[in-house]
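Trainee:
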Amino acid sequence: MCSSRDSVDRLHELCAVYYEKRHTNCPSCRMLGYIWQCFYSSCLRFWLKWFLRLVTGRCELQRICARCKAGALRTSQIEYSLKSSKSKVLQTALSVKQNELEDRLAQIIQEKRIKEQKDPTFKVNLRQCLLQINGYNELFEEVEELRKKVFDSENEQHENMLLKLWDLLMPSVKLESRITKQWGNIGFQGDDPKTDFRGMGMLGLTNLLFFSEKHTDAARQVLSHANHPTLGYSYAIVGINLTEMAYSLMKSDALKLHFYNSVSGKAEMQHFHQFYCYLAYEFDKFWLQEEPESIMEFNRYREKFHDKVKGHLQEPEVTLTLTPNPEN
Amino acid sequence: MGLLTILKKMKHKEREMRLLMLGLDNAGKTTILKKFNGEDVSTISPTLGFNIKTLEHRGFKLNIWDVGGQKPLRSYWRNYFESTDGLVWVVDSADRLRLDDCRKELNALLLEERLAGATLLVFANKQDLPGALSKDGIREVLALDDIKTHHWCIVGCSAVTGENLLSGVDWLLDDIAARIFTTD
Numbered sequence: 001m002c003s004s005r006d007s008v009d010r011l012h013e014l015c016a017v018y019y020e021k022r023h024t025n026c027p028s029c030r031m032l033g034y035i036w037q038c039f040y041s042s043c044l045r046f047w048l049k050w051f052l053r054l055v056t057g058r059c060e061l062q063r064i065c066a067r068c069k070a071g072a073l074r075t076s077q078i079e080y081s082l083k084s085s086k087s088k089v090l091q092t093a094l095s096v097k098q099n100e101l102e103d104r105l106a107q108i109i110q111e112k113r114i115k116e117q118k119d120p121t122f123k124v125n126l127r128q129c130l131l132q133i134n135g136y137n138e139l140f141e142e143v144e145e146l147r148k149k150v151f152d153s154e155n156e157q158h159e160n161m162l163l164k165l166w167d168l169l170m171p172s173v174k175l176e177s178r179i180t181k182q183w184g185n186i187g188f189q190g191d192d193p194k195t196d197f198r199g200m201g202m203l204g205l206t207n208l209l210f211f212s213e214k215h216t217d218a219a220r221q222v223l224s225h226a227n228h229p230t231l232g233y234s235y236a237i238v239g240i241n242l243t244e245m246a247y248s249l250m251k252s253d254a255l256k257l258h259f260y261n262s263v264s265g266k267a268e269m270q271h272f273h274q275f276y277c278y279l280a281y282e283f284d285k286f287w288l289q290e291e292p293e294s295i296m297e298f299n300r301y302r303e304k305f306h307d308k309v310k311g312h313l314q315e316p317e318v319t320l321t322l323t324p325n326p327e328n
Numbered sequence: 001m002g003l004l005t006i007l008k009k010m011k012h013k014e015r016e017m018r019l020l021m022l023g024l025d026n027a028g029k030t031t032i033l034k035k036f037n038g039e040d041v042s043t044i045s046p047t048l049g050f051n052i053k054t055l056e057h058r059g060f061k062l063n064i065w066d067v068g069g070q071k072p073l074r075s076y077w078r079n080y081f082e083s084t085d086g087l088v089w090v091v092d093s094a095d096r097l098r099l100d101d102c103r104k105e106l107n108a109l110l111l112e113e114r115l116a117g118a119t120l121l122v123f124a125n126k127q128d129l130p131g132a133l134s135k136d137g138i139r140e141v142l143a144l145d146d147i148k149t150h151h152w153c154i155v156g157c158s159a160v161t162g163e164n165l166l167s168g169v170d171w172l173l174d175d176i177a178a179r180i181f182t183t184d
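Protein sequence lines correspond, in order, to chains Y and Z. At position 214 of the first sequence the residue is numbered 214 (the UniProt record's numbering), and the sequence of numbers has no breaks. At position 158 of the second sequence the residue is numbered 158 (the UniProt record's numbering), and the sequence of numbers has no breaks.
1. Using three-state DSSP, classify Y:Pro-316 as helix, strand or coil.
2. Report the neighbours of Z:Ser-93 on chain Y: residues whose CB is nearer than 8 Å to its CB, in chain order.
3. Z:Ala-94 and Z:Gly-131 look like a contact to me (Cβ under 8 Å); what is the Cβ gap, rounded to whole Å?
4. Do Y:Ile-237 and Y:Asp-196 count as a contact pair if the criterion is CB distance below 7 Å?
5. In chain Z, which residues lie with their C-beta within 7 Å of the C-beta of Y:Val-238?
6. In or out: Z:Asp-85 buried (at least 16 other Cβ within 10 Å) or exposed?
7. Would Y:Asn-241 pass as an interface residue toward chain Z - the criterion being a Cβ-Cβ separation below 7 Å?
8. Expressed to the nearest angstrom, what Euclidean distance is found between the alpha-carbon atoms of Y:Ile-64 and Y:Glu-156?
9. Assuming Z:Ala-124 and Z:Leu-87 make a contact with CB atoms under 8 Å, what is their CB distance in whole Å?
10. Candidates Y:Tyr-247, Y:Ala-106, Y:Lys-285: which alpha carbon is nearest Y:Met-269's?
11. Taking the straight line between their C-alpha atoms, what separation do you get for Z:Val-90 and Y:Glu-293?
12. Would you mind reading off the limits of the beta strand (DSSP E) that contains Y:Glu-60?
13. At least one CB of chain Y closer than 7 Å to the CB of Z:Asp-101: is that the case?
14. Just the C-alpha distance for Z:Glu-140 and Z:Val-41, rounded to the nearest angstrom, thanks.
15. Would you kindly work out how many angstroms separate the C-alpha atoms of Y:Asp-103 and Y:Ala-254, rounded to a whole number?
16. Would you kindly work out how many angstroms separate the C-alpha atoms of Y:Met-245 and Y:Glu-145, rounded to a whole number?
17. To the nearest angstrom, how far is it from the Cα of Y:Glu-290 to the Cα of Z:Trp-65?
18. Going residue by residue through the region 54-99 of chain Z, where are the continuous beta strand (DSSP E) segments of at least 3 residues, counting only ones entirely within it?
19. Does the region 202-209 of chain Y come into contact with the region 151-171 of chain Y, if we say contact requires no fewer than three beta-carbon pairs (one atom in each stretch) closer than 8 Å?
20. Strictly below 9 Å CB to CB, what residues from chain Z border Y:Gly-190?
21. Is the Cβ-Cβ distance between Z:Leu-48 and Z:Asn-37 less than 7 Å?
22. Identify which residue in Z:Arg-114, Z:Ile-180, Z:Leu-110, Z:Arg-98 has its Cα closest to the Cα of Z:Leu-24.
23. If distances are taken between C-alpha atoms only, which option among Y:Thr-75, Y:Val-89, Y:Ser-28 comes closest to Y:Tyr-136?
24. From what residue to what residue does the beta strand (DSSP E) around Z:Trp-152 run?
25. Since Y:Phe-151 and Y:Lys-181 are thought to touch, with beta carbons under 8 Å apart, how far apart are those beta carbons, to the nearest angstrom?
26. With distances taken Cα to Cα, identify the nearest neighbour of Y:Lys-97 among Y:Asn-299, Y:His-312, Y:Lys-266.
27. According to the neighbour-count rule (16 or more other Cβ atoms, all chains shown, within 10 Å of its Cβ), is Y:Lys-308 buried or exposed?
28. Would you call Z:Cys-157 buried or exposed, if buried means 16 or more other Cβ atoms sit within 10 Å of its Cβ?
29. Just the chain Z side, please: which residues come within less than 9 Å of Y:Glu-244 by C-beta, in chain order?
30. Go through its chain and collect everything with a Cβ distance to Y:Thr-243's Cβ below 7 Å, but skip five positions before and after it.
31. Closer than 6 Å by C-beta to Y:His-23: which residues in its own chain qualify, once you throw out the five before and the five after it? Chain order, please.
32. With distances taken Cα to Cα, identify the nearest neighbour of residue 342 of chain Y among Y:Asn-261, Y:Ala-280, Y:Phe-39.
33. Just verifying my parser: in three-state terms, what is the DSSP assignment at Z:Arg-18?
34. Is it the case that the Cβ atoms of Y:His-273 and Y:Phe-210 are separated by a distance below 7 Å?
35. Rounding to the nearest angstrom, what Cα-Cα distance links Z:Leu-172 and Z:Leu-109 in this structure?
This is the structure:
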């Protein structure tokens, strides 16, 4: 009985996987995909779920929690299940505030008529999934807010952050004045870095500072590569371009699997910064390996690097963290 | 075979123009390009290298090259001069301290042989900012009236609001078209 239950479950999972797959290359595949999608979501999914509920005595959410280990696999399937649910209680569970979470969990258990005594771990597991799902959206709002904050020379805190960045990256050189050509040594464009933050605002500066603060050796190593006479690039503005990459990946939900795997509760700002550190460190390695002709090729290699990272981010087990090698 | 010949003929007749957009860093070149193309301009970061966009406007196919303006990149500008029909020089009208720099860079470009036939459009950008110098102010500081070698025009604009971008580009296209498509 147990094995047949498993195989039915697997069939269901396969259907869901097929549904998720995008056959975008060939028009006839796309057509078939559409027909399959319509058929699956409007009819087949419902009956499969009904049948499985009858056989296993558990609802889809319970089956997912029992079948998948904690992480992206479980959380993204829970997310998909909630999103395609016809019940308002389940659907809107994708956007609840942290303080409403307990009430919502109780409502879901009531709505799906789940017997908690029979499945004691379910509530704990579902809570964790909801924390991760809602945490991602909340984190993106925080990231967006920081991005919109413009660097302001009148703001002492902003100024101090900028000066601290210099001290961390160039410990042996003193900054002669606030407006100076020296900023070029850490890869800003002109005499005053403030114009370089542009669309990325304080998010760009916070990312740069976080990398230098938490991974000082790695950041200095990257800076030394960036100042290479032939393979060099502008450290700070490449960094700001990478902030843009991290931001748009997060915006397009491409970071979900990574966060679901690497943060067991709500993802915080520091986790976004950590991801930026990974990008900054890995981009440097990538650039040196590829040996581009000049900095004018930047956008081509940026695209190539972006595609590579995006490829990793689609793997179900993905966690991208900075692991420095102790070289030069 | 028939279709291919027609396609080739059409390509031949296609009215294609190459525009090169230059200026100091933070002048707003990428923002102008994106705004003109109807894209979001709120998340732009400094340009390393260049961006190229091909777009259709008034029946012309425009290849617009937007090259980074950071000082170390300026030595690469010359790699993009070849067969340029129009030069768009973008000025940050609020950055008064660097207008002198801006004039010198522009003058150097106008001496370039490979840009000799190009029409010059100067965008006095960021007119929406409170400290911005007016279009006529920019015209004076950059000594545009001394230019005898190129057809030129200055347009005050704001890349963020999109104000006057269209009228500037339209003037540029008219001027280029009158020069190179006169046989049509």
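Idealized CB from N, CA, C, for every residue including glycine. Since the structure is predicted, the reported quantities are computational estimates derived from the model, not experimental observations.
Mentor: Answer, in terms of the structure:
1. coil
2. Neighbours of Z:Ser-93 on chain Y: none; closest Cβ ~14 Å, over 8 Å.
3. 5 Å between Cβ atoms; contact.
4. yes
5. Leu-48
6. Sixteen is the threshold: when 16 or more other Cβ atoms of the shown chains lie within 10 Å of the Cβ of Z:Asp-85, as they do, the residue is buried.
7. By this cut-off, Y:Asn-241 is an interface position.
8. In a straight line, the C-alpha of Y:Ile-64 is about 50 Å away from that of Y:Glu-156.
9. Not a contact, Cβ separation roughly 15 Å.
10. It is Y:Tyr-247.
11. 27 Å
12. Counting along the chain, Y:Glu-60 falls outside any beta strand (DSSP E), though it belongs to the alpha helix (DSSP H) covering 60-67.
13. no
14. 30 Å
15. 30 Å
16. 17 Å
17. Distance between the alpha carbons of Y:Glu-290 and Z:Trp-65: 24 Å.
18. Those beta strand (DSSP E) runs which fall completely within the region 54-99 of chain Z and span 3+ residues are 60-67, 86-92.
19. yes
20. Leu-24, Asp-25, Asn-26, Gln-70, Lys-71, Arg-98
21. No, they are not a contact pair.
22. In this structure, Z:Arg-98 is the residue among Z:Arg-114, Z:Ile-180, Z:Leu-110, Z:Arg-98 with its C-alpha nearest to the C-alpha of Z:Leu-24.
23. By alpha-carbon distance to Y:Tyr-136, the top candidate from Y:Thr-75, Y:Val-89, Y:Ser-28 is Y:Thr-75.
24. 152-156
25. Not really, about 19 Å apart at Cβ, beyond 8 Å.
26. Y:Lys-266
27. exposed
28. Under the 10 Å beta carbon count, Z:Cys-157 is surrounded by 16 or more other beta carbons and is classified as buried.
29. Residues of chain Z passing the Cβ test: Thr-43, Ile-44, Ser-45.
30. Met-200, Leu-203, Gly-204, Asn-207, Tyr-276
31. The pLDDT assigned to Y:His-23 is 49, lower than 50, so where the model puts this residue is not dependable, and the model offers no usable value.
32. Here chain Y covers residues 1 to 328 and nothing more, so residue 342 of chain Y does not appear.
33. strand
34. yes
35. Each residue's Cα considered, the two are about 18 Å apart.
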